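With the numbering used here, letter number 62 in the sequence shown gets 895, and the count goes up by one each step, no holes. Virtual Cβ for every residue (Gly too), placed ideally from N, Cα, C. Bear in mind that the values here come from a model prediction, so they are computed numbers and not experimental data. Only one structure is covered here, and it is reproduced in the block below.
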Amino acid sequence: MNFVNIFLVLILLLHNIVTGTDANQPVHQLSQELALNLRSEGLERLSTFIDGGSACDQVERNTPANAEGYYYFCSDLDTYEKMYPYLEETFTHDIAKKLIESVVIVMNNRLSYQKVGWGSINDWSRANGTIKSGDEETVVYKFNVPVFGDDSPANEIQIEYKYVTNKGWRINSPARSLR
């Protein structure tokens, strides 16, 4: 009897190894609170990125690289090797790549960006979300986001999140959806 139990346990363990399943492995769930926090962190990282980083002194930040309004990235984001890990804390690799490709140019052998102004009238502190679709790897949240002031109807904004192995949930939607 003891041999049979050991044999069954070994078969189950082998099955789990071959299929990559584990009965104790938690299902990756994305709560509304976590989704909103990730959106907020993503917006903060996006803002820092399109503003050239956070490690510049005032003179460096306000000295243009050329007459067309391009500036050099600060030392914390002055290489691709620094940009990708920074953005991939909240975004998938594909979204980080699109952001970098849309913002960064090389000027005088240095990574540069052009300052842009942007903002939002959405009041994310009052947003409510529901899961529109999803599985263990991808979730699409539909958020109803009120506009500052109570006169206007709420905006409906959808953000896709993707679970990245060994990293957790990441935003897999264009950056404009975060505002």
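Could you say which of the options lies nearest to residue i if we only look at CA atoms?
i	options	result
S953	S880, Q865, L944, L867	S880
D884	S864, Y905, Q991	Y905
S864	E934, R1009, E922, G1001	G1001
A1008	E866, E901, Y903, S935	S935
Q947	K995, G962, L867, A900	A900
R1012	Q862, A898, L871, H861	L871
Per DSSP, residue i forms a beta bridge with which residues?
i	result
L797	In the structure as shown, the chain begins at 834 and stops at 1012. Residue 797 is therefore absent and cannot be evaluated.
With the cut-off set at 7 Å, would you say residue i and residue j are in Cβ contact?
i	j	result
I1004	G902	no
S887	D909	yes
H861	Y994	no
Given residue i, which residues of its chain have a CB within under 7 Å of its CB, disregarding the five upstream and five downstream residues?
i	result
I990	F976, V978, S1010
Around the Cβ of residue i, are there at least 16 other Cβ atoms within 10 angstroms (buried) or fewer (exposed)?
i	result
A960	buried
E992	Reading the sequence as shown, one finds Ile at residue 992 and not Glu. Per the 10 Å Cβ criterion, buried.
V939	exposed
L867	exposed
V972	buried
T896	exposed
For residue i, which residues from the same chain have a beta carbon less than 8 Å from its beta carbon, with the 5 sequence-adjacent residues on both sides left out?
i	result
D956	V978, P979, V980, F981
Grab me the residues of residue i's own chain with a C-beta within less than 6 Å of its C-beta, minus the 5 sequence neighbours each way, in chain order.
i	result
E921	A929
T963	K975
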